[in-house]
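Going by my numbering, the residue at position 42 of the sequence shown is 42; the numbering climbs one at a time, nothing skipped.
Cβ atoms here follow ideal geometry from the backbone N, Cα and C, with glycine treated the same way.
Everything numeric in this text was worked out from a predicted model, so none of it was measured.
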Amino acid sequence: MEVIFRMLNIQHIILASNNQYKIKEFQSIFDDMGIDVNVIPANIEIPEEVEHFDTYAENARAKAIYVYEQLKPDTNTLVLAEDSGFEVAGLNGFPGLHAKRWLGIENPLENQGLPLAIGIVNKLKKAGIVSRNDRRAKYIAYLVAIYNRDIFESVGELYGYVIDKPRGTYGWAYDKIFIVDSADPRIMQIPNENVRNQLINEELTLAEIEPRYKNILSHRRRAIEELVNKILFLQPS
1 MEVIFRMLNI
11 QHIILASNNQ
21 YKIKEFQSIF
31 DDMGIDVNVI
41 PANIEIPEEV
51 EHFDTYAENA
61 RAKAIYVYEQ
71 LKPDTNTLVL
81 AEDSGFEVAG
91 LNGFPGLHAK
101 RWLGIENPLE
111 NQGLPLAIGI
121 VNKLKKAGIV
131 SRNDRRAKYI
141 AYLVAIYNRD
151 IFESVGELYG
161 YVIDKPRGTY
171 GWAYDKIFIV
181 DSADPRIMQI
191 PNENVRNQLI
201 NEELTLAEIE
211 PRYKNILSHR
221 RRAIEELVNK
231 ILFLQPS
């Protein structure tokens, strides 16, 4: 995949976000995929009215276009925007893309996003939701990239379920309460046998595995892979 970016002369990716955790995670994923690019923040304020939509696709598209038009990057730079969310079955798909508002959290990124994880756990407890079926959840990442004025879009999802107590020191936000579905075929790609077996037995949260292993499973990794393939075959949206 590094060859693809070299062929296209893509050297920089401007991420339409100033979220330090998100920037670090994207850079880590590209590094693990062997793609030699620098992920840098847009460093501009994106007005709230830009992402006022009710779908991941519309919000990501609006952010990408806004940043692209504001910065007018050169031909070796790709603008990338993401809208992502976390949906819990027993909460009727909430918090989705409105976590901050729905959970009533003022500083969602404080302490590695722990308030988000605790907010979900408290909502489930208050609603008396205890069954695994109702605690099924998924991460969603919708990506929109603009390269040479062409727009490319992709989506990645990661399925699992929510536990009732945050665990782990890695990752951020919901990682501390999320256990990956043991049927996920990507688990078998993890080279560490011990970690692989613990994931198969559903013993680890995402926050309890090293980033290099989480990146294999990540919804963002899945979306990036799809996006790279679309750029390779020049399949704009």
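Taken in chain order, the unbroken stretches of alpha helix (DSSP H) that lie wholly in the region 109–149 and span 4 residues or more are 110–127.
Between ILE187 and ILE177, the C-beta spacing is not below 7 Å.
Cα atoms of LYS123 and ALA145: separation of roughly 34 Å, rounded to the nearest angstrom. For GLU87, the enclosing beta strand (DSSP E) stretches over residues 77–88.
Judged by DSSP in its simplified three-state form, TYR21 adopts helix.
The three-state secondary structure of ASN201, taken from DSSP, is coil. Judged by beta-carbon spacing, TYR213 lies within the 7 Å limit of ILE190, meaning their Cβ atoms are closer than that value. Closest in C-alpha terms to ASN192, from the list GLU25, GLY171, ILE216 and ILE231, comes ILE216. Within the DSSP bridge table, the entry for TYR159 names LYS138 as partners. According to the DSSP assignment, HIS219 belongs to the alpha helix (DSSP H) that extends over 219–232. ILE13 sits away from LEU116, with the two beta carbons spaced by 7 Å or more. Shortest Cα-Cα distance from LYS72 to any of ASN148, GLU225, ALA183 and LEU234 involves ASN148.
Judged by DSSP in its simplified three-state form, LEU91 adopts helix. The distance from the Cβ of PRO47 to that of ILE23 is about 20 Å, inconsistent with a contact at the 8 Å cut-off. Between the region 217–227 and the region 130–146 there are three or more C-beta pairs closer than 8 Å, enough to call the two in contact. Contact annotation: ALA81 and ALA99 have beta-carbon atoms that are not nearer than 7 Å.
Counting along the chain, the unbroken beta strand (DSSP E) around ASN38 starts and ends at 38–41. When rounded, the separation of the alpha-carbon atoms in ILE44 and LEU234 is 28 Å. Between VAL88 and ALA57, the C-beta gap is not smaller than 7 Å, which leaves the two residues out of contact. Counting only unbroken stretches of 4 or more residues, the alpha helix (DSSP H) elements lying wholly within the region 25–71 are 56–71, in sequence order. LEU199 and GLY171 do not touch by the CB rule: their CB atoms are close to 14 Å apart, not below 8 Å. Boundaries for LEU206: no beta strand (DSSP E) harbours it, and the DSSP string shows neither H nor E there. Your pair ILE120 and GLY90 does not check out as a contact, with CB atoms roughly 10 Å apart and the cut at 8 Å. Beta-bridge partners assigned by DSSP to LEU97: none are found.
Look at GLU106 here: in three-state DSSP terms it is coil, with no helix or strand label.
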